[in-house]
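These notes are about the structure you will find just below.
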Amino acid sequence: MDEFEGESASTRDTLRYCVQLARPYGRFLLAGAGFLVLGVIITDVATPLVFAEVLDRIAVLSPHTRLWPRFGALIVAYGVLIVVGQVFFRFSGWLQWEGSLRSFANGIHSSFERLLALGTDGTSTTPQVRSRLR
Amino acid sequence: MDGLDNLHWGILRIVVVVLCAIAVLGFYAWPVAVVLIVLTVAFVAVVVKRSGPVTEAARNFSKAHSRAEGTASDVIRNVSTVLVGAGEEAESAKLHDLLDSSVRADLRGRRVFMITRVWMSGTVGLMTWASLFVGVVLAVRGDIHAGVVYLVLFYASQVSAQLIESFMQVRNLSRGLGRASKLVALVSTPPEVEDAPGATQLVVTAGALRFDGVSFSYRPEQPLLTNFNLELQPGEHVGIVGPSGGGKSTITRLVLRLMDVDGGRIMVDAQDIATCTQASVRRAVSYVSQDPQMLHRTIAENIWYGRAGPVDIDLVREVATAAHVDEFVRELPDGYQTVVGERGLKLSGGQRQRVAIAQAMLKGAPVLILDEATSSQDSESERYVQEALWRLMAASTALVVAHRLSTIAQLDRIIVIDGGRVVETGTHRELLLAGTVGTYRRLWEHQSGGFLSS
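From first to last, the protein sequence lines stand for chains A and B. Per the numbering used here, the first sequence starts with residue 1, numbered consecutively. Per the numbering used here, the second sequence starts with residue 1, numbered consecutively.
Dropping the structure here:
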């Protein structure tokens, strides 16, 4: 059974290893994070503030008020913000996914090279012990 | 990859949303912002406190699952061993126990998760209702108007949903890390053999091979080779015989630098191979083992392996003919384009050895190591293969390990190893005609049907 148990790295070491793999593609991930922040600011700050302004104006609406001059700009702004927010989220998702995919491929390649260097097929986590015990 | 997804959409997003919510509500309705801050901190505290048990449970499940999966895969890979040993019932029972452990580990993890989830939901529910309550109080007092009430509702629901979502993402991240931790442990292991700093390229001019006081052990308390000395002149062919477990194959692995010596040196043309790059050493050595493993590629590609550039089929056919590979390849429907299967399973042991001999011929390295290279041949094949081996050895310094003494009787010199030392050396004739009955003569006399008893 020992053959399958092997040792596990600590969470910190595992995270450090993942960061190391992702570092060459940091620009994708950072750009993705940047677009995410912009998307959240637009979707979760600007858009609700516009909607809140619409509600405030409704609350003090007097009869026979012409609606378009009163609400038109806000509604257009609301629509534009929703569209821009979604565009930013899609950019963010695309960049983050590309960075993740490339990091993943990098991980496979670097693990492959490491296993070659260790001279093990990955079924044992203790190549030295295995080779030394024949 | 999933981990990065979890970090991006789960953790980064919730951090930005919470910060934005606190900033906006801090401006328009600061008491609600205070409620959000306090309960978000409480939520994070719960997550931190529970993340230990959640990670531990995920790790335990991962271990139990991989144990069961590994056992099932091992048994299926070695199904003939299990069937011959009548071990089906025992293996089935063992797998049942392992799967049971895996299920129990998963259920334990689920329980930990459910308890954590109750704490999460409680904190988030409190956040929603407390925010609403404070918002309503502010509205009734006339401190905020309709739009801000909407903002309170929006952020209370948004932050609550995002916090719960973030916990799911943290949980997925923990699971991913649990699965990755074994691979990370493996790839973090330092290789047993590494190129020394400033390692040079091995340059072989003549092909002299010398073991200079070599010592080696698999276990420190059981030395296998002790002060082992042997010198092969360029072009000399030396056979190694001795009882099983005496270190014959180990010597071949040391020359290939699949392992490094514990003491002493192995020199090729006066260069210590420990100071040379592993790749240059292996380029200078051809190796045919007792159980050659092939890549899951065509026969032609396997023969060509180690040579740069596209496969030259004429050259492949030429060496294949010399190594008696052509004889069985001609019988195959796809000929040299036959894919040999994983590890060459579609070929018999003898066919694999002949392919390996052809590969070594094509490589044409100055040093040749044959480790039981004719062990899988029947007597007729062996005769043909030995002819091929002689042709192969003609241009090389050769070290030949063999149980079958007929394989090495014609070599320039034979050494007998016992207890990690050279105990006899000489030609086949000299060793047999020695005045005292030595190990070689005893082995020769014990040989039955061409094989030595272990």
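The beta-carbon is built from N, C-alpha and C at its ideal position, and this holds for glycine as well.
Per-residue DSSP class, three states only, for residue i
| i | result |
| --- | --- |
| B/I313 | helix |
| B/E424 | strand |
| B/V416 | strand |
| B/Q201 | coil |
| A/G164 | Residue 164 of chain A lies beyond the stretch modelled for chain A, which goes from 1 to 134, so this question has no answer here. |
| B/M294 | strand |
| B/R257 | coil |
| B/Q410 | coil |
| B/D334 | coil |
| B/A143 | A quick correction: the sequence has Asp, not Ala, at residue 143 of chain B. DSSP places B/D143 in coil when its eight states are reduced to three. |
| B/V340 | coil |
| B/D326 | helix |
| B/D272 | strand |
| B/R404 | coil |
| B/R307 | coil |
| B/S249 | helix |
| B/R282 | helix |
| B/K346 | coil |
| A/T65 | coil |
| A/A73 | helix |
| B/T277 | coil |
| B/S188 | coil |
Start-to-end residues for the beta strand (DSSP E) that takes in residue i
| i | result |
| --- | --- |
| B/S215 | L209 to R219 |
| B/N6 | Where B/N6 is concerned, there is no enclosing beta strand (DSSP E), given that its DSSP letter is neither H nor E. |
| B/G264 | G263 to V268 |
| B/S101 | That residue, B/S101, is in no beta strand (DSSP E); its alpha helix (DSSP H) goes E88 to V140. |
| B/Y287 | V285 to V288 |
| B/A398 | T397 to V401 |
| B/N227 | Q222 to L232 |
| B/G239 | H237 to V241 |
| A/L30 | Not the beta strand (DSSP E): A/L30 falls in the alpha helix (DSSP H), residues G26 to I41. |
| B/I369 | V367 to D371 |
Own chain residues within Cβ distance below 7 angstroms of residue i, not counting five before or after
| i | result |
| --- | --- |
| A/D13 | none |
| B/G450 | Confidence in B/G450 is poor, its pLDDT being 45 and thus under 50, which makes the residue's placement too unreliable to answer from. |
| B/A320 | I303, D326, V329 and A358 |
| B/W444 | L405 and L432 |
| B/L39 | T123, L126, M127 and A130 |
| B/R391 | A322 |
| B/H428 | A409 and I414 |
| B/E192 | M259 |
| B/K94 | T71 |
Terminal residues of the alpha helix (DSSP H) in which residue i lies
| i | result |
| --- | --- |
| B/H446 | T439 to H446 |
| A/D13 | T11 to A22 |
| B/S52 | The displayed chain sequence assigns Gly, not Ser, to residue 52 of chain B. That run of the alpha helix (DSSP H) goes W30 to R77. |
| B/A300 | I299 to W304 |
| B/A360 | G349 to K363 |
| A/L55 | T47 to A59 |
Distance CB(residue i)-CB(residue j) smaller than 9 angstroms
| i | j | result |
| --- | --- | --- |
| B/V325 | B/Q293 | no |
| B/S249 | B/Q290 | yes |
| B/I266 | B/L254 | yes |
| B/R59 | B/G235 | no |
| B/T298 | B/T200 | no |
| B/G247 | B/F211 | no |
| B/D260 | A/W97 | no |
| B/M120 | B/L36 | no |
| A/A52 | B/V137 | no |
| B/V214 | B/L256 | no |
| A/L36 | A/S92 | yes |
| B/V17 | B/V159 | yes |
| B/Y150 | A/L55 | yes |
Cutoff 6 angstroms; reference residue i; Cβ partners in own chain excluding five residues on either side
| i | result |
| --- | --- |
| B/A64 | S101, S102 and A105 |
| B/A356 | V288 and P292 |
| B/L232 | L209, V238 and T397 |
| B/L399 | V238 and I369 |
| A/R134 | Because the pLDDT at A/R134 is just 39, under 50, the model does not fix this residue reliably, and the value given afterwards should be weighed accordingly. Cβ within range, chain order: n/a, list empty. |
| A/R102 | Y25 |
| A/A46 | L81 |
Cβ shell of residue i (< 8 angstroms), same chain only, five flanking positions each side left out
| i | result |
| --- | --- |
| B/L132 | V152, L153 and A156 |
Proximal residues, the segment 284-310 of chain B versus chain A, C-beta separation under 8 angstroms: none
Of all the residues that make up the segment 7-39 of chain A, which are near chain B by a beta-carbon distance shorter than 8 angstroms? Flagged, chain order: E7, S8, A9, S10, T11, D13, T14, L15, Y17, C18, A22, L29, G32, A33, L36 and V37.
Residues within the segment 57-73 of chain A neighbouring chain B, beta-carbon criterion of under 9 angstroms: R57, I58, A59 and V60
Contacting positions in the segment 148-177 of chain B - beta carbon closer than 7 angstroms to chain A: V148, Y150, L151, F154, Q158 and L177
By the 9 angstroms beta-carbon criterion, what residues does the segment 93-111 of chain A contribute toward chain B? G93, Q96, W97, G99, S100, L101, S103, F104, G107, S110 and S111
Give the residues from the segment 231-263 of chain B that approach chain A closer than 7 angstroms (Cβ to any Cβ), ordered along the chain. L258 and M259
Near-chain A residues of the segment 45-56 of chain B - C-beta to any C-beta below 9 angstroms: T55
Taking a Cβ distance cut-off of 9 angstroms, strictly less, list which residues of the segment 186-202 of chain B are near chain A, in chain order. L186, V187, S188, T189, P190, P191, E192, V193 and E194
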